[in-house]
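As structure tokens, the structure follows; a few thoughts come after it.
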Ligand SMILES: C[S@@+](CC[C@H](N)C(=O)[O-])C[C@H]1O[C@@H](n2cnc3c(N)ncnc32)[C@H](O)[C@@H]1O
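In the numbering used here, the protein residues as written are 409 to 757.
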């Protein structure tokens, strides 16, 4: 008879032990409840089902030994018996079913699966091979998953998705000296991907002081050779102010500094998950500024329907003050979230 399988290596065994420990930790509370339920004098399983089950156990034991459960399945079967007695059959998908099929919603395996599925979807659009070269940086200690030997985060995958959306719609080439201006960039996840992927790209970030601090720290740490214009130097008045912005590869400013950018100097203005959290008057002001700045494109990605409780306002995908002269070049639902829309407008005619 040909034997299937080979002896496991020490690291395979350590991996498997870690997985087992994780499963037991996750299912510990359920097993504890089952153990308590097991102490009840009667069982929750009908006599008929119990009889069929006991008969099957006896018959399996009496037959060819090769079909008997392995040590792992003997252990699982004894937990099953405990759960049967304690919980009965009715809600089996959330008890014994956890060892058979679907995981509990909070199981990390789903987090891992999400990365795998998103990555596989993006690979079809990976014309620049970014998914084979970029990895989630250590800096900031994001939650990551290793897929095909590379470390990914949802932030990295979303950023690659967003950059490719711009590339596909705008027809950018890798070497293009594009200027991207992001309003509300968070810690700079998309900026990092753009700066890494496009050697001649320049990136301007406008944000509130807290996020601006993070983005300055993050992007200057990851791109130490890129000339950076930080805040407050970016706001210092002087005849050479415009030149300092033009010389920088990465520049950082407070929102009001958007007013000092030269019209026509930006290729794309980007706003992701940020306008949707603003008051309508702020959004209107930013759209006025975009009109004045006259970029080639505006890329927005927001919740389709966002209630802003504290501002008592509602912003829907149709509610953004898009100018009639702006041409819709792309509109769709995000690959990741059903409740998120993305749109790219050609602003400059
Ligand atoms: C939910 S975060 C999204 C960050 C980033 N775009 C991302 O997707 O990772 C919202 C961002 O909008 C910024 N923001 C909030 N109000 C703002 C305002 N009035 N002007 C500019 N940025 C603002 C926040 O500081 C934060 O960086």
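Cβ coordinates follow ideal geometry from the N, Cα and C atoms, glycine included. Note that the coordinates shown come from a computational prediction; the quantities given were computed from them, not determined experimentally.
Problem set entry | Nearest candidate by alpha-carbon position, reference residue 632, set 618, 604, 642 | For the purposes of this step, residue 632 is taken as residue 224 along the chain shown, with counting starting at 1. Per the Cα distances, 604.
For this session: Output the distance between the C-alpha atoms of residue 629 and residue 507, rounded to the nearest integer angstrom.
Result: What you label residue 629 is simply residue 221 of the chain shown in a count that begins at 1. What you label residue 507 is simply residue 99 of the chain shown in a count that begins at 1. Rounded to whole angstroms, residue 629 to residue 507 spans 45 Å at the Cα level.
For this session: Return helix, strand or coil for residue 456, following the three-state DSSP convention.
Result: On the chain shown, position 48 is the one that residue 456 refers to. Of the three classes helix, strand and coil, the one that applies to residue 456 here is helix, per DSSP.
Exercise. So, helix, strand or coil for residue 710, using DSSP?
Worked result: By one-based count along the chain shown, residue 710 stands at place 302. Residue state, collapsed to three classes: strand.
For this session: Kindly indicate if chain D contains any beta-carbon less than 8 Å away from that of residue 725.
Result: Any reference to chain D falls outside this structure, which holds one protein chain only.
Exercise. Which residue's Cα is closest to the Cα of residue 664: 730, 674, 697?
Worked result: Stepping through the chain shown from its first residue, residue 664 is reached at position 256. If we check each option's Cα against that of residue 664, 697 comes out closest.
Exercise. So residue 568 is in the alpha helix (DSSP H); what residue range does that whole segment cover?
Worked result: Position 160 of the chain shown, counted from the first residue, corresponds to residue 568. Per DSSP, residue 568 belongs to the alpha helix (DSSP H) from 562-578.
For this session: Tell me whether residue 685 counts as near ligand 1, meaning its Cβ is closer than 7 Å to at least one heavy atom of that ligand.
Result: Reading the chain shown from its first residue, position 277 is the one you call residue 685. For residue 685, the shortest separation between its Cβ and any heavy atom of ligand 1 lies below 7 Å.
Exercise. With respect to the alpha helix (DSSP H) encompassing residue 483, which residues constitute its N-terminal and C-terminal limits?
Worked result: Here the question's residue 483 lines up with position 75 in the chain shown. In the DSSP assignment, residue 483 falls within the alpha helix (DSSP H) that extends over 479-495.
For this session: Identify, in the order they occur along the chain, each residue of the same chain with its Cβ nearer than 8 Å to the Cβ of residue 416, setting aside the five sequence neighbours on each side.
Result: Along the chain shown, one-based indexing puts residue 416 at 8. The beta carbon of residue 416 sits closer than 8 Å to those of 424, all from its chain and outside the five residues before and after it, given in chain order.
Exercise. Helix, strand or coil: which one does DSSP assign to residue 735?
Worked result: Translated into the one-based positions of the chain shown, residue 735 becomes position 327. Correct three-state label for residue 735: strand.
For this session: Report the partner residues of residue 724 according to the DSSP bridge assignment.
Result: Looking up residue 724 in the chain shown gives position 316. The partner list for residue 724 (beta bridge, DSSP) reads 713.
Problem set entry | At least three beta-carbon pairs within less than 8 Å, the region 706-714 to the region 654-674 | Here the region 706-714 does not lie against the region 654-674, with fewer than 3 beta-carbon pairs under 8 Å apart.
Exercise. Where residue 460 and residue 519 are concerned, what is the direct C-alpha to C-alpha distance, given to the nearest angstrom?
Worked result: Counting from one through the chain shown, the residue named residue 460 turns up at place 52. Counting from one through the chain shown, the residue named residue 519 turns up at place 111. When rounded, the distance between both Cα atoms is 39 Å.
Exercise. What does a CB cutoff of less than 6 Å around residue 622 pick up in its chain, not counting 5 residues either side in sequence?
Worked result: Sequence index remark: in the chain shown, residue 622 carries index 214 (1-based). The beta carbon of residue 622 sits closer than 6 Å to those of 595, all from its chain and outside the five residues before and after it, given in chain order.
Exercise. By DSSP, does residue 643 sit in helix, in strand, or in coil?
Worked result: Residue numbering aside, residue 643 sits at position 235 when the chain shown is read from its first letter. Here DSSP, grouped into helix, strand and coil, assigns residue 643 to helix.
Problem set entry | Rounded C-alpha distance that separates residue 583 from residue 542 | For this step, residue 583 is matched to residue 175 along the chain shown. For this step, residue 542 is matched to residue 134 along the chain shown. Going by the C-alpha atoms only, they are around 17 Å apart.
Problem set entry | Separation of residue 577 from residue 737, as counted between CA atoms | Walking along the chain shown from the start, residue 737 turns up at place 329. Walking along the chain shown from the start, residue 577 turns up at place 169. Taking the straight line from one Cα to the other gives about 7 Å.
Problem set entry | Reduced DSSP category for residue 380 - H, G, I as helix; E, B as strand; rest coil | Residue 380 cannot be examined here, being either before or after the span of the chain that is shown, 409 to 757.
Problem set entry | Top-ranked residue by Cα proximity to residue 566, from 538, 588, 443 | Here residue 566 corresponds to residue number 158 of the chain shown, with the count starting at 1. Residue 538 is the option with its Cα nearest to residue 566.
Exercise. Can you name the start and end residues of the alpha helix (DSSP H) that residue 602 belongs to?
Worked result: Stepping through the chain shown from its first residue, residue 602 is reached at position 194. First-last of the alpha helix (DSSP H) with residue 602: 597-605.
For this session: Take residue 498 as the anchor and find which of 434, 454, 727 has the nearest alpha-carbon.
Result: Counting from one through the chain shown, the residue named residue 498 turns up at place 90. Residue 498 has its Cα closest to that of 454, out of 434, 454, 727.
For this session: Have a look at the DSSP bridge pairing and note the partners of residue 748.
Result: As a working mapping, residue 748 is identified with position 340 in the chain shown. Paired residue(s): 711.
Problem set entry | Coil, strand or helix - residue 730 by DSSP | On the chain shown, position 322 is the one that residue 730 refers to. Residue 730 falls in the coil class under three-state DSSP.
Exercise. Is any heavy atom in ligand 1 found nearer than 7 Å to the beta carbon of residue 663?
Worked result: Position 255 of the chain shown holds residue 663. Flag set: Cβ of residue 663 near ligand 1.
Exercise. Just checking, does the region 551-563 make contact with the region 641-651 on the three C-beta pairs under 8 Å criterion?
Worked result: With the cut-off at 8 Å, the region 551-563 and the region 641-651 do not touch.
For this session: Figure out for me which residue from 740, 714, 722, 702 has the closest Cα to the Cα of residue 756.
Result: Position 348 of the chain shown, counting from 1, holds the residue named residue 756. Selected option, being the one with the closest Cα: 702.
For this session: With DSSP collapsed to three states, give me the class of residue 436.
Result: Within the chain shown, numbered from 1, the residue matching residue 436 stands at position 28. Per DSSP, reduced to three states, the secondary structure at residue 436 is helical.
Exercise. Hey, how far is the Cα of residue 719 from the Cα of residue 693?
Worked result: The residue labelled residue 719 in the question sits at position 311 within the chain shown. The residue labelled residue 693 in the question sits at position 285 within the chain shown. Roughly 16 Å separates the two Cα atoms.
Exercise. Going by other Cβ atoms of all chains shown within 10 Å of its Cβ, with 16 needed for buried, is residue 475 buried or exposed?
Worked result: Working through the chain shown from its first residue, we reach residue 475 at position 67. Residue 475 should be labelled exposed.
For this session: Measure how close the beta-carbons of residue 598 and residue 515 come, nearest whole angstrom, since I'm counting them as under 8 Å.
Result: As a first step, residue 598 is located in the chain shown; it is residue number 190 there, counting from the start. As a first step, residue 515 is located in the chain shown; it is residue number 107 there, counting from the start. The C-beta distance from residue 598 to residue 515 rounds to 29 Å, too long to meet the 8 Å contact threshold.
Problem set entry | residue 746, buried or exposed, once every other Cβ within 10 Å from all chains shown has been counted against 16 | Reading the chain shown from its first residue, position 338 is the one you call residue 746. Answer is exposed; the Cβ neighbour count stays below 16.
For this session: Output the boundary residues of the beta strand (DSSP E) element that contains residue 520.
Result: Position 112 of the chain shown, counted from the start, is the residue given in the question as residue 520. Bounds of any beta strand (DSSP E) do not take in residue 520; it lies within the alpha helix (DSSP H) bounded by 516-531.
Exercise. Are the beta-carbon atoms belonging to residue 684 and residue 711 less than 8 Å from one another?
Worked result: To locate residue 684, count along the chain shown from 1; it is residue 276. To locate residue 711, count along the chain shown from 1; it is residue 303. The Cβ atoms of residue 684 and residue 711 lie closer than 8 Å to each other.
Exercise. What do you get for residue 503, buried or exposed, if any count of 16 or more other CB atoms within 10 angstroms of its CB means buried?
Worked result: Along the chain shown, read from residue 1 onward, the residue named residue 503 stands at position 95. Flag for residue 503 reads buried.
Exercise. Within 7 Å: the Cβ of residue 618 and any heavy atom of ligand 1?
Worked result: Walking along the chain shown from the start, residue 618 turns up at place 210. Set against 7 Å, the gap from the CB of residue 618 to the closest heavy atom of ligand 1 is smaller.
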